[in-house]
Amino acid sequence: MTSGQWWIVALSEQLAPGKTLAVVCDGVQVALFRSAEGEAFALEDRCPHRRVLLSPGQVRPGGLQCPYHGWTFDGTSGRCTDIPNLRRDEKIPPAAARAYPVAELNGFLHVYSGSGEAQEALPGAGYQAAGREFTGSAVTAVAFEDYLDVMLDGPECLLDFPGVTITDFFIGDPRRDGGYLVLDRGAVWKGRGLGPAFVRDHPLLLRTRVPLAGGDVVVELLDAAEQALVTLFIAATRNRRGTTSLVWRGFAHGRAQTGPLGWRLHRLAGAAPFTVHAIVDGRAIAALEAAPSRERRGGGEASTRPVQETSHEYG
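Following the UniProt record's numbering from start to finish, the sequence shown increments by one per residue and tops out at 315.
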């Protein structure tokens, strides 16, 4: 792991009591497991004894048991607590797997990548669902930094909102808001009015909020009054071999029941108001002009004027 910060690595419902889950956090393989009592833990997915993966092991009262020789490691400290073939009078050697702090909030499992006590705010703290949620996870064949850049330069390559066309018209410049770069672009209802190249009064806005460090991305579909119709929270982290792990949660707000007939019928039918693409078009990404993302790569030296909303609660 390359930085000392919290990363979202999984959805809470992906880790059942007494089960394990193999994830990658900022490029490092991690074994998540949940005790029978419901507490989540994280160990580096490598046994210090013979270097085999811990994630296929069994959850025991004393921690996570390695599937190879049965050594058990405590989830909080990583310390070995049991070796099956030792006699009762034999001392357990000081073997330990690396343990990471875990925090669970708003349906997300966070792992802290740094050393020492983790005191930073959790990325998922600002997300509050205010409607029926739609969730998912994927590994996409786009490098982590490129994924964040494309979310600014061409989010239509990574996601879509059925019935909506995301245009290439930027509404204002990218702006810095704390540790994030925020960008608005115009959007239109499909089949309504002139084509995107000629639209001047956009009935919709797409707001992307991309971190300068970390991987918590917020995408909002807004009406012309900048009232949220859909909120989507995507947590990205660096996976291996140039790929990116994604988990997401999102929902349609109550006002999303307005709009064209097709959009309203989809909402009444309970259809997802967005799609996050696991498989992306590399040619479309390669054709994008690197424009807003230059601000992020340069450390966010964009306009410092604040975003219009004053709260980071997305519910």
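Every residue gets a Cβ at the ideal spot worked out from N, C-alpha and C, and that includes glycine.
Check, Outcome
"Taking a contact to mean a Cβ-Cβ separation below 9 Å, would you say Ala138 touches Ala16 in this structure?", "no"
"Give the DSSP-derived three-state secondary structure of Ile166 in the structure shown.", "strand"
"Is Arg209 buried or exposed, if buried means 16 or more other CB atoms sit within 10 Å of its CB?", "buried"
"Return the Cβ separation of Phe251 and Ala125 in integer angstroms, given the expectation that the two are a contact with Cβ distance under 8 Å.", "About 17 Å; that fails the 8 Å criterion."
"Cα separation between Glu309 and Ala225?", "Note that Glu309 has pLDDT 41, beneath the 50 cutoff, so the model's placement of it is unreliable and the number below is only indicative. Approximately 12 Å, taken between the alpha carbons."
"Over what stretch of residues does the beta strand (DSSP E) that includes residue 316 continue unbroken?", "Lying before the first or after the last residue shown, residue 316 is absent from the chain, which here runs from 1 to 315."
"Identify the continuous beta strand (DSSP E) that holds Ser293 and give its terminal residues.", "Where Ser293 is concerned, there is no enclosing beta strand (DSSP E), although the alpha helix (DSSP H) it sits in stretches over Ser293 to Arg297."
"Nearest CA to the CA of Pro93: which residue from Phe170, Cys66 and His49?", "His49"
"If you measure between the beta carbons of Phe73 and Ala96, is that distance less than 9 Å?", "yes"
"Return yes when the Cβ of Trp189 is within less than 9 Å of the Cβ of Val111, no when it is not.", "no"
"List the whole-angstrom C-beta distance separating Gly107 from Arg296, where the pair is believed to meet the contact cut-off of C-beta under 8 Å.", "Rounded, the Cβ-Cβ distance is 26 Å, inconsistent with contact."
"Mind checking who Trp263 pairs with in its DSSP beta bridge?", "None; Trp263 has no bridge partner."
"How far does the beta strand (DSSP E) with Val102 in it extend, from its first residue to its last?", "Val102 to Leu105"
"Using three-state DSSP, classify Gly116 as helix, strand or coil.", "coil"
"With a CB to CB cut of under 8 Å and the five nearest residues on each side skipped, what residues in its chain are close to Tyr68?", "Cys47, His49, Arg50 and Val52"
"Quick check on DSSP: helix, strand or coil for Ala213?", "coil"
"Going by beta carbon distance, what residues of the same chain come within less than 6 Å of Arg98, once the five residues before and after it are set aside?", "Glu44 and Gly78"
"Is it true that the CB of Thr244 sits closer than 9 Å to the CB of Thr140?", "yes"
"My parser needs the beta strand (DSSP E) runs of 3 or more residues fully inside the stretch 126-157; what are they?", "133-140"
"Tell whether a beta-carbon distance below 9 Å holds between Gly27 and Gly116.", "no"
"Rounded to a whole number of angstroms, what is the C-alpha to C-alpha distance between Ile285 and Pro211?", "20 Å"
"Starting from Ala235 and walking both ways along the beta strand (DSSP E), at which residues does that stretch end?", "Ala228 to Arg238"
"Kindly give me the distance between the Cβ atoms of Val164 and Leu204, rounded to whole angstroms, as I take these residues to be in contact under 8 Å.", "6 Å"
"Smallest Cα separation from Arg240: which of Ala22, Val9, Ile8 and Gln29?", "Gln29"
"Have a look at Ala236 and Met151 and give me their C-alpha separation to the nearest angstrom.", "11 Å"
"So, at 6 Å on beta carbons, what are the nonlocal neighbours of Trp71 in its own chain, with the 5 sequence-adjacent residues on each side left out?", "His49, Cys80 and Ile83"
"So, with DSSP's three-state summary, where would you put Ala252?", "strand"
"Taking the DSSP output, what are the residues bridged to Val218?", "Arg209 and Phe233"
"Span of the alpha helix (DSSP H) holding Gly270?", "Per DSSP, Gly270 belongs to no alpha helix (DSSP H) and is neither H nor E."
"List the DSSP bridge partners of Glu44.", "Val30"
"Taking the alpha helix (DSSP H) that Ile285 falls in, what are its first and last residues?", "Gly282 to Ala286"
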